[in-house]
Amino acid sequence: MINQRISIVENILSANDRLASDNRQRLDSARLFSVNIMASPGAGKTSLIERTVKTLSNRLKIAVIDGDIATSLDADRAAAAGALAVQINTGGECHLDAVMLQNALNTLELGELDLLIVENVGNLVCPAGFKLGTHSSVLVASVPEGDDKPYKYPGTYQGVDVLILNKIDLLPYVPFKMDYFKQGVQALNPGISTFPLSCLTGEGLSTWYEWVEIQVSRYRQATNST
Amino acid sequence: MHELSITESVLEIVLRHANSANAQHVRKIQLVIGDLASIVDDSVQFYWDIISKDTLAEGATLQFRRLPIELLCLDCQNHFQPETDRFDCPRCGSSRLQIISGREFYVESIDVETNLPMSSYQNEQI
């Protein structure tokens, strides 16, 4: 018997990463722009999606894939707002992964859609580690969660493309040091596009809708020319 | 909470490499985990003991090598490990920082017992 050490150096999430890039190819061949929305439970992912769908569904055909441990409450809200909605129940898993998204993509006519919104499981830790293959990652933070969240969940704050700060209508009522929050965000993700807004009062939402529409149309132009 | 699926990926990687090296048994597995990777060692070990049963890697020891978060200040080039509740450069106070390490999460190597030299390749050994 020979004892030997085999050097491997293989990323443990490489299987998920491969499937994520398959998902991306499918989305690209359907020319479908997609966003992955992540946040802690109660930050307002579903409210944001609801309002976004209501406002944009007369101009864009939108599908929402909802990840939750149980129930179809969120998908029901997205459907009521006017989106095609698919619920994924993860059965205890704390995040969506590329396989779950792949299965959900199989149930949609991707070529007929303009925008795919994936609502990840409410969790500030695990979703950041699992790529899905979507084009843009959006983190929804909210004022009552506290200003220290970038420091406590650096992996999530570091890995996203866009940051929404929801529930800014509560700023006068809760201790939230905006400078401290912004400093953490800036350190982890310099120059990230940030949208302070309130899904309750509607303040700031129009800038966010505009961003979504611009992304969809830029993406279309880019895929047209290739 | 996702340590089960993580551990399944570790097992898949380990068995694939052990098979291609024609190993009889896997004795030890070296994992490298950065402190930003949100993985709990004990939980991986717990699932490992269950899912590695009846495989080449049953009873293998998992060794965890932890890598601390290391940041580089883009303004003064200071290389440092941050304190837990703040992300600014302790030397110049800048918050323009680059993450140098801490996100690693990979299987570094495995220690195996083999009968044959490493070059021979056999499938379907399990």
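In order, the protein sequence lines correspond to chains L and V. Residue 148 in our numbering is what sits at position 148 of the first sequence, and the numbering runs on without skipping anything. Residue 81 in our numbering is what sits at position 81 of the second sequence, and the numbering runs on without skipping anything. We put the CB at the ideal spot given by N, CA and C, even for glycine.
- With respect to the C-alpha of L:Val-185, the residue from L:Leu-113, L:Cys-199, L:Leu-163 having the closest C-alpha is L:Leu-163.
- In this chain, the beta strand (DSSP E) harbouring L:Gly-67 covers 62-68.
- Distance check between L:Ala-85 and each of L:Glu-119, L:Tyr-151, L:Gln-25 places L:Glu-119 closest, using alpha-carbon atoms only.
- With its beta carbon less than 7 Å from one in chain V, L:Arg-5 belongs to the interface.
- Excluding sequence positions up to five before and after V:Leu-36, its CB lies within less than 8 Å of the CB of Ile-69, Ile-99, Gly-102, Arg-103, all in the same chain and listed in chain order.
- Excluding residues up to 5 positions away in sequence, Phe-33 lie with their Cβ nearer than 6 Å to the Cβ of L:Tyr-219 in the same chain.
- Bounds of the beta strand (DSSP E) holding V:Leu-72 are 70-73.
- According to the DSSP assignment, V:His-25 belongs to the beta strand (DSSP E) that extends over 23-34.
- The three-state reading of DSSP puts L:Ser-47 in helix, counting H, G and I together.
- C-alpha of L:Arg-59 to C-alpha of L:Leu-165: approximately 25 Å in a straight line.
- The Cβ-Cβ distance between L:Ala-98 and L:Asn-23 falls below 7 Å.
- Of all residues in the region 41-73 of chain V, none places a beta-carbon less than 7 Å from a beta-carbon of chain L.
- Across the structure, V:Asp-49 and V:Leu-62 are spaced so that their CA atoms are roughly 10 Å apart.
- For L:Asp-76, none of the residues of chain V pass the 9 Å Cβ criterion, the least Cβ distance being about 25 Å.
- DSSP places V:His-79 within a strand segment (E or B) once states are collapsed to three.
- The beta carbon of L:Gly-146 sits no closer than 7 Å to any beta carbon of chain V.
- According to the DSSP assignment, L:Pro-41 belongs to no beta strand (DSSP E), since it is labelled neither H nor E.
- Interface annotation for the region 108-127 of chain L against chain V: Val-125, Cys-126, criterion Cβ-Cβ distance under 7 Å.
- Using a CB distance cut-off of 7 Å, L:Cys-94 counts as an interface residue toward chain V.
- DSSP places V:Asp-88 in the coil class of the three-state scheme, outside both helix and strand.
- Annotated three-state conformation of V:Ser-20 is helix, per DSSP.
- As far as DSSP is concerned, L:Thr-207 takes part in no beta bridge.
- Annotated as proximal: V:Ser-95 and L:Ala-187, with beta-carbon spacing under 7 Å.
- In terms of CA proximity to L:Phe-176, L:Ala-141 leads the group L:Leu-200, L:Asn-189, L:Ala-141.
- L:Gln-25 is classed as exposed because its beta carbon has fewer than 16 other beta carbons within 10 Å across all chains shown.
- The beta carbon of V:Ser-43 is closer than 8 Å to those of Glu-3 in its chain, skipping five residues each way along the sequence.
- Not a single C-beta of chain V is nearer than 7 Å to the C-beta of L:Pro-175.
- Below the 9 Å Cβ cutoff, chain V contributes Gln-24, His-25, Glu-113, Thr-114, Asn-115 as neighbours of L:Met-1, in chain order.
- According to DSSP, residue pairing for V:Asp-54 in a beta bridge does not occur.
- Nearest Cα to V:Ser-52 within the set V:His-25, V:Arg-86, V:Cys-89: V:His-25.
- At a cut-off of 7 Å between beta carbons, V:Phe-80 makes no contact with chain L.
- When 7 Å is used as the limit between beta carbons, V:Leu-36 is near these residues of chain L: Pro-154, Gly-155, in chain order.
- Counting other Cβ atoms within 10 Å of its Cβ, L:Asn-123 reaches 16 or more and is therefore classed as buried.
- In summary, the residues of the region 167-200 of chain L whose CB is separated from some CB of chain V by less than 8 Å are Gln-183, Gly-184, Gln-186, Ala-187, Leu-188, Pro-190, in the order they occur in the chain.
- Judged by DSSP in its simplified three-state form, V:Ser-38 adopts coil rather than helix or strand.
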